[in-house]
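Protein sequence lines, in the order shown, are assigned to chains A and B. Note that the numbering used here has the first sequence beginning at 6, numbered continuously upward. Note that the numbering used here has the second sequence beginning at 12, numbered continuously upward. Heads up, the thing below is written out as structure tokens.
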Amino acid sequence: KNEVEQSPQNLTAQEGEFITINCSYSVGISALHWLQQHPGGGIVSLFMLSSGKKKHGRLIATINIQEKHSSLHITASHPRDSAVYICAVGFADGSEKLVFGKGTKLTVNP
Amino acid sequence: DTGVSQNPRHKITKRGQNVTFRCDPISEHNRLYWYRQTLGQGPEFLTYFQNEAQLEKSRLLSDRFSAERPKGSFSTLEIQRTEQGDSAMYLCASSLRGVYGYTFGSGTRLTVV
């Protein structure tokens with residue numbers, strides 16, 4: 006069964022802290038996305054990974070294909086990073102749909 | 012291009028009424044997807060079009076739901092005889108490269124009262 010698990014569900018941090026959000030999945034994938042969703046619903050794509058590591062500003066995303074695991078890191082967190090972060094996976098089953106985790110609600114306090 | 016556009020942003024309807032949502036994808040994207048997101052959950056796949064052909068439908072898409080993409084451009088999602096359980100955020104996304112490059116719209120939030 007194609008499943009995506011995220012942890013933690015909720016995360017509260019102080020401004021400046023290093024944040025890690027984890028995502029694990031059940032079977033082989035074509036692509037893994039990290040997405041950001043603010044109140045109001047709009048989803049913004051942060052990263053698409055098939056292997057390795059990507060960095061954009063203070064955000065870093067890594068994926069370990071053998072362990073079926075990905076992490077999203079935020080360095081020097083800021084209150085504006087407060088949002089829901091969602092992992093979504095395109096499984097290598099020929100389908101074009103994404104299977105989403107339940108999301109991690111991040112609150113960064115000043 | 013202004014990205015993926017969804018209208019309306021919010022819709023409140025009475026139980027039993029029909030509603031229709033519209034999605035305008037990025038113009039060069041031939042793939043269009045509909046997802047539904049309930050409170051506290053990640054989005055769930057509903058259906059997918061490549062050009063005007065509806066290629067995949069979820070079991071979540073009951074017979075009260077219908078989606079069209081008549082000319083391979085914009086798409087509509089209609090819900091007939093709405094129920095309170097249909098209250099959710101309906102998200103549209105488009106892509107040129109399948110799972111390798113999704114762009115999401117801002118969603119339509121449906122409230123059935």
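Backbone N, C-alpha and C fix where the C-beta goes; we use that ideal spot for every residue, glycine too. Only a predicted model underlies this, so the values are computations on that prediction, with no experimental measurement involved.
For residue i, which of helix, strand or coil comes out of DSSP?
i: V32 (chain A); result: coil
i: D98 (chain A); result: coil
i: V110 (chain B); result: helix
i: G57 (chain A); result: strand
i: R85 (chain A); result: helix
i: Q52 (chain B); result: coil
To which residues does DSSP link residue i through a beta bridge?
i: K68 (chain B); result: B:T58
i: Y101 (chain B); result: B:R47, B:T119
i: D35 (chain B); result: B:S16
i: L64 (chain A); result: A:H61, A:I79
i: R42 (chain B); result: B:Q61, B:S106
i: F105 (chain A); result: A:A93
For chain B, is any of its Cβ atoms less than 8 Å away from the one on residue i?
i: H38 (chain A); result: yes
i: E10 (chain A); result: no
i: K107 (chain A); result: yes
i: G47 (chain A); result: yes
i: K102 (chain A); result: yes
So, does the CB of residue i fall closer than 8 Å to a CB anywhere in chain D?
i: F52 (chain A); result: This model lacks chain D altogether; the protein chains it does include are A and B.
Let me confirm a value: residue i is counted as buried when at least 16 other C-beta atoms fall within 10 Å, else exposed. Which label applies?
i: Q42 (chain A); result: buried
i: I23 (chain B); result: exposed
i: S12 (chain A); result: exposed
Is the shortest distance between the beta-carbon of residue i and the beta-carbons of chain A less than 8 Å?
i: G109 (chain B); result: yes
Item to check | Validate contact between the region 16 to 29 of chain A and the region 103 to 113 of chain A using beta carbons, cut 8 Å, 3 pairs | outcome: yes
Checklist entry - When the Cβ atoms of the region 76 to 93 of chain A are set against those of the region 51 to 63 of chain A, are three or more pairs found closer than 8 Å? => result yes
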